[in-house]
Amino acid sequence: MGGPHTITLIEGDGIGPEVTGAAVEVIGAAGVDIHWEKTLVGAAAMRELGTLLPQAALTSIRKNRVALKGPITTPLGEGYPSINVKLRKDLGLFACVRPVKSIPGLKSLYDDVDLVVIRENTEDLYAGKEHEVVPGVIESLKIITREASLRIAQFAFQYAQRHGRKKISVFHKANIMKLSDGLFLECCEEVASRYPEIEYTELIVDNACALLVTRPQQFDMLLMENLYGDIISDLCAGLVGGIGVVPGANIGDECVVFEAVHGSWPQGAGKNIANPMGLILSAVLMLDQLGEEAAARRIEKALTAVIREGKVLTRDLGGSVSTTEFTREIIGHLD
Ligand code: NAD
Numbered sequence: 001m002g003g004p005h006t007i008t009l010i011e012g013d014g015i016g017p018e019v020t021g022a023a024v025e026v027i028g029a030a031g032v033d034i035h036w037e038k039t040l041v042g043a044a045a046m047r048e049l050g051t052l053l054p055q056a057a058l059t060s061i062r063k064n065r066v067a068l069k070g071p072i073t074t075p076l077g078e079g080y081p082s083i084n085v086k087l088r089k090d091l092g093l094f095a096c097v098r099p100v101k102s103i104p105g106l107k108s109l110y111d112d113v114d115l116v117v118i119r120e121n122t123e124d125l126y127a128g129k130e131h132e133v134v135p136g137v138i139e140s141l142k143i144i145t146r147e148a149s150l151r152i153a154q155f156a157f158q159y160a161q162r163h164g165r166k167k168i169s170v171f172h173k174a175n176i177m178k179l180s181d182g183l184f185l186e187c188c189e190e191v192a193s194r195y196p197e198i199e200y201t202e203l204i205v206d207n208a209c210a211l212l213v214t215r216p217q218q219f220d221m222l223l224m225e226n227l228y229g230d231i232i233s234d235l236c237a238g239l240v241g242g243i244g245v246v247p248g249a250n251i252g253d254e255c256v257v258f259e260a261v262h263g264s265w266p267q268g269a270g271k272n273i274a275n276p277m278g279l280i281l282s283a284v285l286m287l288d289q290l291g292e293e294a295a296a297r298r299i300e301k302a303l304t305a306v307i308r309e310g311k312v313l314t315r316d317l318g319g320s321v322s323t324t325e326f327t328r329e330i331i332g333h334l335d
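This is the structure in structure tokens:
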């Protein structure tokens, strides 16, 4: 086993401290030598430092190159922009990777889903560039560039090669957004032509949603722009047990921030009821990247055993135990 590793830890808002706490505890119990460099982002940073995204957090992530992050709240409507979007932009985390895999024993719509959603993370409508043209008329800008589209397509095909994936499906709406989605498709096609061994398909996003819900097994890797990727990855999470159970990583050339798919669930905060699986599985992805594969597999195995036994589960999984009890049960199953 390697280490010690220094990793930036952002607990986040709402249920963030509870689920990151669970992940840290499980990793510790698995014996991985990690020094957690805690840094504040979000509401806690605002309270203590007067800013939502302190420079110190960015500096810590750039230095350590790896972070584990809880969710950050973004209030609806007027107010501050999304700190998640800003963090990804400032750190150049251009690729969001969300593996969506059925977990044996977990009650869900399907038990044989194995997908990876790759989402472009830096542009599209998601950049939040909006303004009021005249009262009652809002313009929201969808930015798609050749540079970012080629970069994410290249990333996706390299990922497919590295992970033995056979097929990439791009979801788009180029029939309506002929220029923006048209450019995205053009870039994907250009990259796809260099990987003839990987099957490449294009689907209009609305039809693709219907196919995903009815027969998700036909898909392998999904590649899309930012907004479609945001929505589709939650849809995919719903196929395998809900947004509480799916992990993710935001990847750039310099650093990686691992975080679950779910948000800060403010109504669940402080109640010790959140499911920490999404964060724990994000931490498993992190351990793989750190070269701690043995510990990653042990944690995965323990978690799967707890789910398969089906006796000690959080409420979202049909059980009644707390975050803490569920976490202890996983630790108890580490071999
Ligand atoms: P959410 O994911 O926080 O919660 C939606 C619902 O999912 C909850 O009501 C709950 O029933 C369930 N849920 C979510 N996480 C769960 C868990 N760990 N265990 C059990 N059930 C869970 O989504 P939302 O309500 O749309 O967003 C709340 C806030 O989180 C918003 O401010 C949003 O902007 C933010 N958000 C942050 C991130 C991030 O930091 N990466 C991602 C998504 C949303």
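Take 1 as the starting number for the sequence shown in my numbering and just add one per residue. All C-beta atoms in this analysis are idealised placements derived from N, C-alpha and C, irrespective of residue type, glycine included.
Item	Value
Work out the CA separation of Gly252 and Gln289 for me, nearest whole Å.	13 Å
Which runs of the beta strand (DSSP E) fall wholly inside the segment 190-251 and span at least 3 residues, in chain order?	199-204, 221-224 and 249-251
Verify the contact flag: Arg315, CB atom, against every heavy atom of the ligand NAD, threshold strictly below 8 Å.	yes
Which one of Gly16, Val32, Thr59 and Trp36 has the shortest CA to CA distance from Gly42?	Gly16
Span of the alpha helix (DSSP H) holding Thr157?	Note that residue 157 is Phe in the sequence shown, not Thr. Per DSSP, Phe157 belongs to the alpha helix (DSSP H) from Arg146 to Arg162.
Okay, do the segment 302-316 and the segment 324-333 touch, 3+ Cβ pairs below 8 Å being the bar?	yes
Is Ile243 close to the ligand NAD? I mean its beta-carbon at under 8 Å from any heavy atom of the ligand.	yes
For a quick check, are the C-beta atoms of Gly3 and Glu300 less than 9 Å apart?	no
Using CA atoms only, rank isn't needed, just tell me which of Thr8, His5, Thr6 and Asp13 is closest to Lys268.	For the record, residue 268 in the displayed sequence is Gly; it is not Lys. Ranking the options by Cα distance to Gly268, first place goes to Asp13.
Using C-beta distances below 8 Å, list every residue in its chain close to Ile198, excluding the 5 sequence neighbours before and after it, in chain order.	Phe157, Ala160, Gln161, Arg165, Lys166, Lys167, Ile168 and Ala192
What does DSSP give as the partner residue(s) for His366 in the beta ladder?	As shown, the chain starts at 1 and ends at 335. That puts residue 366 outside it, with no answer to give.
Curious, which full-length alpha helix (DSSP H) runs of at least 4 residues does the segment 40-114 contain?	43-49, 55-64 and 83-90
Taking Lys301 as part of the beta strand (DSSP E), name the residues at either end of that continuous run.	Counting along the chain, Lys301 falls outside any beta strand (DSSP E), though it belongs to the alpha helix (DSSP H) covering Glu293 to Glu309.
On the DSSP bridge list, what partners appear for His172?	Ile204
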